[in-house]
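Student: Handing you this structure, nothing more for now.
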Amino acid sequence: MKEVTRRLIPPERFHFARTLAPLLAPQFDPIGRLSADTFSLAARTPDGPAAIHLSREKSGEIETKSYGPGAEWLAGNADAISGLRDDVTGFPALAQKHELVRQLARTFAGIRMPRTGMVFHRVLRAILEQKVTGVEAFRAYRQIVKKFGEPAPGPGDLLLPPDPAAIAATPYWAFHPLGVEQRRTQALLRAAQVAARLEECADSETATRRLTALPQIGPWTAAEVVRIAYGDADAVSVGDYHVPNTVAFGLAGESRGTDERMLELLEPFKGHRGRVCDLLAHGGIRAPRFGPRMPIRSFARF
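For reference, each letter of the sequence shown is one residue, going 722 to 1023 in my numbering.
Here's what the structure looks like:
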């Protein structure tokens, strides 16, 4: 089995686990593993299936080992996946425009934004997370990966993300027992049918345009995809249930906010608006809660 090794030198104060955590579903993800100093990820690369394993050493350097037909591709992109290509140039100056953002930027300076270069797997995650609780979305995601995933190359007992062709060839009703209703399933099937065109997008702007041209995929889903697939630090999840309130509360002390108000408050940070939203989340900034929480459902029982 092909194995490729590479060494990376992260910046000072680099936070390994918090940088890589967004690449995996919370609690358990069949395609990867994360600890304080190790990270594994299975992937369907342009060159074929592969898996990458990262280990942070006492020196601070990161050793990467990649396996499978796509090992060279993963090794070549290991620094991007690790967030080491994240360009924070100019952000410290922007952060000075708001005291809370300045403090958060200093506190969490070691967290970088990863860039996987792989679109469809993130599309799968984002569609499943549309207008449901995280518990519902992650439960359905794990079941889908287990049903469609295949063993990944290398150690770790990882599963590859679902093949878009296998998703596209599956009737919508087969996703019901997996916890996904017809609306989200139809969006997923449409995205799977054009997965090749999505993967070939050269940049975040092109991917956003192609994604939002698909029925039932809007700005929220597109932002959730390009923030990870392209490391887009400016991607804002317009239409989110919580983020507008978080931004309004954190930046203006207002307990509730609209998408329009959120974008207005984020405008001074243009180019890094998504990064500011992430910093607020890292800092535990939350607007007061007044209403009941969304109920947790199981579509498999409908």
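Even glycine gets a Cβ: it sits at the ideal position worked out from N, Cα and C.
1. Identify whether Leu729 lies in helix, strand or coil by the three-state DSSP scheme.
2. In the structure shown, what three-state DSSP assignment does Ala950 receive?
3. From which residue to which residue does the beta strand (DSSP E) around Arg863 run?
4. Count the other CB atoms within 10 Å of the CB of Glu857; is the residue buried (16 or more) or exposed (fewer)?
5. If you compare alpha carbons, which of Ala764, Leu741, Ala771 and Arg765 is closest to Asp758?
6. Among Leu987, Lys779, Val866 and Ile1006, which has the Cα closest to the Cα of Ala816?
7. Using the three-state DSSP reduction, which class does Arg833 fall into: helix, strand or coil?
8. Can you look up Asp764 in the DSSP assignment and give me helix, strand or coil?
9. What's the C-alpha gap between Gly789 and Gly870?
10. Whole angstroms are fine: how far does the CA of Lys723 sit from the CA of Pro731?
11. Below 8 Å on the Cβ atoms is my contact criterion, and I expect Arg727 with Ala796 to pass it. Report the Cβ-Cβ distance as a whole number of Å.
12. Apart from the five residues on each side of it in sequence, which residues of its chain come closer than 6 Å, Cβ to Cβ, to Gly1005?
13. Check the C-beta distance from Leu919 over to Ala908 and give it rounded, since I have them as a contact under 8 Å.
14. Please determine whether the Cβ atom of Glu782 lies at a distance below 7 Å from any heavy atom of the ligand SAM.
15. Which residues mark the beginning and the end of the beta strand (DSSP E) in which Gly875 is found?
16. What is the DSSP secondary structure of Arg930, reduced to helix, strand or coil?
17. Determine the DSSP secondary structure at Gly900, reduced to helix, strand or coil.
18. Report all residues from its chain with a CB closer than 6 Å to the CB of Gly877; omit the five preceding and five following residues, and keep chain order.
19. Alpha carbon to alpha carbon, what distance is there between Leu1001 and Leu821?
20. Express the C-alpha separation of Phe970 and Ala954 in angstroms, rounding to a whole number.
21. With DSSP as the reference, please indicate the residues paired to Gly769 in a beta bridge.
22. Report the residue from Ala763, Ala746 and Arg996 whose alpha carbon sits nearest the alpha carbon of Leu879.
23. For Arg765 and Gly855, I'd like the C-alpha separation in whole angstroms.
24. Between the Cα of Gly791 and the Cα atoms of Ala771, Ala801 and Pro874, which residue gives the shortest distance?
25. Where does Ala1008 land, buried or exposed, given buried means 16+ other C-beta within 10 angstroms?
26. According to DSSP, is Phe1023 part of a helix, a strand, or is it coil?
27. Note down, one range per segment and in chain order, each alpha helix (DSSP H) of at least 4 residues found wholly within the stretch 772 to 802.
28. If we call anything under 8 Å between Cβ atoms a contact, is Leu910 one with Tyr893?
29. Give me the residue from Phe735, Ile888, Trp794 and His963 with the minimum Cα distance to Val844.
30. The alpha helix (DSSP H) spanning Gly971 covers which residue range?
31. Run through DSSP, which three-state label would Glu850 get?
32. My output table needs one value for Glu724: the three-state DSSP class, helix, strand or coil.
Tutor: A quick look at the data gives this:
1. Translated into positions along the sequence shown, residue 729 becomes position 8. Reduced to three states, the DSSP call for Leu729 is strand.
2. Taking the first residue of the sequence shown as 1, we reach residue 950 at position 229. Three-state result, Ala950: helix.
3. Taking the first residue of the sequence shown as 1, we reach residue 863 at position 142. That residue, Arg863, is in no beta strand (DSSP E); its alpha helix (DSSP H) goes Gly855 to Phe869.
4. Translated into the one-based positions of the sequence shown, residue 857 becomes position 136. Label assigned to Glu857: buried.
5. What you label residue 758 is simply residue 37 of the sequence shown in a count that begins at 1. Nearest option by C-alpha distance: Leu741.
6. Here residue 816 refers to the residue found at position 95 when the sequence shown is read from its first residue. Cα-wise, what sits closest to Ala816 is Leu987.
7. For this step, residue 833 is matched to residue 112 along the sequence shown. Coil, per DSSP.
8. Taking the sequence shown and counting its residues from 1, the one referred to as residue 764 is at position 43. Sequence check: residue 764 is Ala here, not Asp. Strand at Ala764.
9. Within the sequence shown, the letter at position 68 stands for residue 789. Within the sequence shown, the letter at position 149 stands for residue 870. Straight-line Cα distance between these residues: approximately 16 Å.
10. Within the sequence shown, residue 731 is the residue found at index 10, counting from 1. Within the sequence shown, residue 723 is the residue found at index 2, counting from 1. Rounded to whole angstroms, Pro731 to Lys723 spans 26 Å at the Cα level.
11. On the sequence shown, residue 727 is found 6 positions in, with the first residue counted as 1. On the sequence shown, residue 796 is found 75 positions in, with the first residue counted as 1. With 8 Å as the limit, Arg727 and Ala796 qualify as a contact, their Cβ atoms being about 5 Å apart.
12. Mapped onto the sequence shown, residue 1005 falls at position 284. For Gly1005, where only same-chain residues beyond five positions count, there are no Cβ hits under 6 Å.
13. Residue mapping note: residue 919 aligns to position 198 of the sequence shown, counting from 1. Residue mapping note: residue 908 aligns to position 187 of the sequence shown, counting from 1. 13 Å between Cβ atoms; not a contact.
14. With respect to the ligand SAM, the structure offers nothing, as it holds no ligand at all.
15. Counting from 1 along the sequence shown, the entry for residue 875 is found at position 154. From DSSP, Gly875 is part of no beta strand (DSSP E); its letter is neither H nor E.
16. Residue 930 sits at position 209 when you count from the first residue of the sequence shown. Helix at Arg930.
17. If you number the sequence shown from 1, residue 900 lands on position 179. In the structure shown, Gly900 sits in coil (DSSP, three-state: anything other than H, G, I, E or B).
18. Against the sequence shown, residue 877 aligns to sequence position 156. Cβ within range, chain order: Ser761.
19. Position 100 of the sequence shown, counting from 1, holds the residue named residue 821. Position 280 of the sequence shown, counting from 1, holds the residue named residue 1001. Cα to Cα, the separation comes out at about 9 Å.
20. Position 233 of the sequence shown, counted from the first residue, corresponds to residue 954. Position 249 of the sequence shown, counted from the first residue, corresponds to residue 970. Looking at the two C-alpha atoms, the distance is approximately 21 Å.
21. Taking the first residue of the sequence shown as position 1, residue 769 is located at position 48. The partner list for Gly769 (beta bridge, DSSP) reads Thr766.
22. Counting from 1 along the sequence shown, the entry for residue 879 is found at position 158. Looking at the Cα atoms, Ala763 is the closest of the given residues.
23. Looking up residue 765 in the sequence shown gives position 44. Looking up residue 855 in the sequence shown gives position 134. Rounded to whole angstroms, Arg765 to Gly855 spans 25 Å at the Cα level.
24. In the sequence shown, counting from the first residue as 1, residue 791 sits at position 70. That would be Ala771, whose Cα lies nearest to the Cα of Gly791.
25. Counted from its first residue, the sequence shown places residue 1008 at position 287. By the neighbour-count rule (16 or more Cβ atoms within 10 Å), Ala1008 is buried.
26. For the purposes of this step, residue 1023 is taken as the residue at position 302 of the sequence shown. The predicted position of Phe1023 is uncertain, since its pLDDT is 49 and thus under 50; a value taken from the coordinates is nonetheless stated next. The answer is coil: DSSP assigns Phe1023 none of H, G, I, E or B.
27. 792 to 797 and 799 to 802
28. Position 189 of the sequence shown, counting from 1, holds the residue named residue 910. Position 172 of the sequence shown, counting from 1, holds the residue named residue 893. In contact: Leu910 and Tyr893 (Cβ atoms closer than 8 Å).
29. If you number the sequence shown from 1, residue 844 lands on position 123. For Val844, the nearest C-alpha among the options comes from Ile888.
30. For the purposes of this step, residue 971 is taken as the residue at position 250 of the sequence shown. Taken as a continuous stretch (DSSP letters only), the alpha helix (DSSP H) holding Gly971 covers Val964 to Ala973.
31. Sequence index remark: in the sequence shown, residue 850 carries index 129 (1-based). DSSP places Glu850 in coil when its eight states are reduced to three.
32. Against the sequence shown, residue 724 aligns to sequence position 3. Glu724: strand per DSSP, three-state reduction.
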